[in-house]
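Just so you know, our numbering puts the end of the sequence shown at 1240, numbered straight through with nothing missing. Glycine is no exception: its CB is placed at the ideal position from the N, C-alpha and C atoms.
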Amino acid sequence: MFERIERVPGDAILGLIEAYQQDSNPQKVDLGVGVYRDDQGRTPVLATVKKAEEQLCQNEATKSYIGSHGDSRYTEAVTRMVVGEDSATLKAGRISTTQTPGGTGALRLAADFLKAHLPNRAIWLSDPTWPNHPAIFDAAGIEVKRYPYVNADNRLDFEAMLAALKEVPEGDIVLLHACCHNPTGFDLSEDQWHEILEVVKSRGLLPLIDFAYQGFGDGLDQDAFGVRLFVEALDEMLITTSCSKNFGLYRERTGSLMVLAADSEQMQNVRTQVAIAARENYSTPPSHGAAVVAEILSSQTLTEQWKQELADMRGRINGLRSDFVAAFRPHGLEERFAFIAEQRGMFSYTGLSQEQVKRLRDEFSIYMVGSGRANIAGLSEESLDYVARAIATVVK
Ligand code: PMP
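Below you can see the structure in the form of structure tokens.
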């Protein structure tokens, strides 16, 4: 029965990891994979996560199931972190939060919920976006459409984005990246968030904001600007979150889906349906990562320490961004690459062509994805000059 099943090529990023591992050049640099790296190229377990795990190890009393919505200590703490302590929408009991297996699980849960209850609506994604976005919504049977996001000069094309959103049919879903846009690194300004909100309101669109990098851009509160603006202004929207990056919990699969409804009654109705979608997918979420986050966020001391660890990761990335631009100075390319210091999050759309990316890999052992997306956290103070020189060679 399986003889007709075709083999598909492996994931491009996994292929890149393999090629990097086999490369014997001591100067090799990996700018491909989407995880945070410290200056030694490691992705360490945060010290606060280790402490929380020790406490859990002492105190955890059962491995029995948690409910479909997960651990309420976690969901309540994460909701406050996302919408802010003073959110009127939160106080009005209009937000349902469900713990999910990572941000990916949150997106799939959102997709299944939307497909079941709001059928025949398309979802609009930025072009480009994280490749798993179209894959997830397509797999759930939702039609995927695109709005422009960057122009040919590799800059945010806000005018084109806004114009396209003004044409989206009423009731369709629009996916926005809260901050640290993956793959481009180009984020919306506060004014631009206001303008998008006006279009969402006037066209009656349903926003889904993907918040996978809270704290990796400018700060926990700063990065939430767009999310909080929408949460206080709209009756209905969805938010997906992830603790993969900001708590470094990647493999523990820790995320959440928040659904906002017009009043607490409707929120409770929605909540019962989200639980059904979860049960049909994976029944109940994995416990460990969320328990770690709950442990950290319920202790003032651990929270302060974690905020410092997060600030260190953010500071390293933003420091590398400006140092990288400076490294282009001797090559007369500082202005050309100045945008790298303005982008936010781990990723930078460098504007390099596929051919240039290939040359970087073949001639300099510098690995990045074909689209020209570079993981800035893959750089180090040591490799900056080497990478800038290599890029200068391939763009000349
Ligand atoms: N959304 C975006 C934009 C992402 O980049 C990622 C992870 N790379 C996710 C969601 C999902 O993250 P995870 O499933 O690892 O929590």
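Discussion item. Below 8 Å, how does it come out for the stretch 986 to 999 and the stretch 966 to 973: are there three or more Cβ pairs, yes or no?
Written reply: yes
Worksheet item: Using DSSP with H/G/I as helix, E/B as strand and the rest coil, what is V1071?
Response: helix
Discussion item. Do Q1187 and R1173 have their beta-carbon atoms positioned less than 8 Å apart in this structure?
Written reply: no
Worksheet item: Less than 7 Å between the CB of A1155 and some heavy atom of ligand 1, yes or no?
Response: no
Discussion item. Output needed for E1003: all residues of its chain with C-beta closer than 8 Å, excluding positions within five of it in sequence on either side, in chain order.
Written reply: none
Fill in: Beta-carbon gap between V879 and T892 smaller than 8 Å
no
Item to complete: Could you tell me if the beta carbon of S908 falls within a distance shorter than 7 Å of some heavy atom in ligand 1?
Response: no
Worksheet item: Helix, strand or coil for T1085 per DSSP?
Response: strand
Worksheet entry | For V1169, the three-state DSSP class (helix, strand or coil) | helix
Worksheet entry | S1192 (DSSP reduced to helix, strand or coil) | strand
Discussion item. Can you check which of these residues, K895, N903, H961, L934, is closest to E1076 by C-alpha distance?
Written reply: L934
Fill in: Backbone CA spacing between D882 and L962 [nearest angstrom]
43 Å
Worksheet item: Contact check, T906 vs T941 under 8 Å by CB: the rounded distance?
Response: That belief does not hold up - the Cβ atoms of T906 and T941 are roughly 23 Å apart, past 8 Å.
Discussion item. What does the alpha-carbon distance come out to for the pair G1133 and S1224?
Written reply: 29 Å
Discussion item. At 4 residues or longer, what runs of the alpha helix (DSSP H) sit wholly inside the stretch 987 to 1024?
Written reply: 1002 to 1009
Discussion item. Quick check: the stretch 1065 to 1082 against the stretch 1098 to 1107, are at least 3 beta-carbon pairs closer than 8 Å?
Written reply: yes
Worksheet item: Under the criterion of a Cβ to heavy atom distance below 7 Å, does N1219 qualify as lining ligand 1?
Response: no
Item to complete: Within its chain, find whatever has a CB closer than 6 Å to the CB of S912; leave out the 5 residues flanking it on each side and keep chain order.
Response: A1119, A1122, R1123, T1128
Fill in: Residue from A983, I1235, G914, V922 with nearest C-alpha to T944
G914
Worksheet entry | Alpha carbon of D874 to alpha carbon of R1217, nearest angstrom | 12 Å
Worksheet entry | Cβ contact (3+ pairs, closer than 8 Å) linking the stretch 1143 to 1157 and the stretch 1051 to 1065 | yes
Worksheet item: Is it true that the stretch 1018 to 1027 meets the stretch 1039 to 1056, where meeting means three or more beta-carbon pairs spaced less than 8 Å apart?
Response: yes
Worksheet entry | Heavy atom of ligand 1 within 7 Å of S1086 beta-carbon | yes
Worksheet entry | Where L1223 falls: helix, strand or coil (DSSP) | coil
Discussion item. Please determine whether the Cβ atom of W968 lies at a distance below 7 Å from any heavy atom of ligand 1.
Written reply: no
Fill in: According to DSSP, residues forming a beta bridge with Q943
S1100
Item to complete: Please name the residue, chosen from V927, S868, K895, G876, that lies closest to L1146 on a Cα-to-Cα basis.
Response: K895
Worksheet item: In whole angstroms, what is the alpha-carbon distance linking F903 and Y909?
Response: In the sequence on display, residue 903 carries Asn and not Phe. Going from the Cα of N903 to the Cα of Y909 covers about 16 Å.
Discussion item. Here's a check: name, in chain order, each residue in its chain whose Cβ is nearer than 7 Å to the Cβ of S1142, leaving out the five neighbours to either side.
Written reply: R917, A921
Practice prompt. Label D930 either buried or exposed according to how many other C-beta atoms from any shown protein chain fall within 10 Å of its C-beta, with 16 as the threshold for buried.
Written response: exposed
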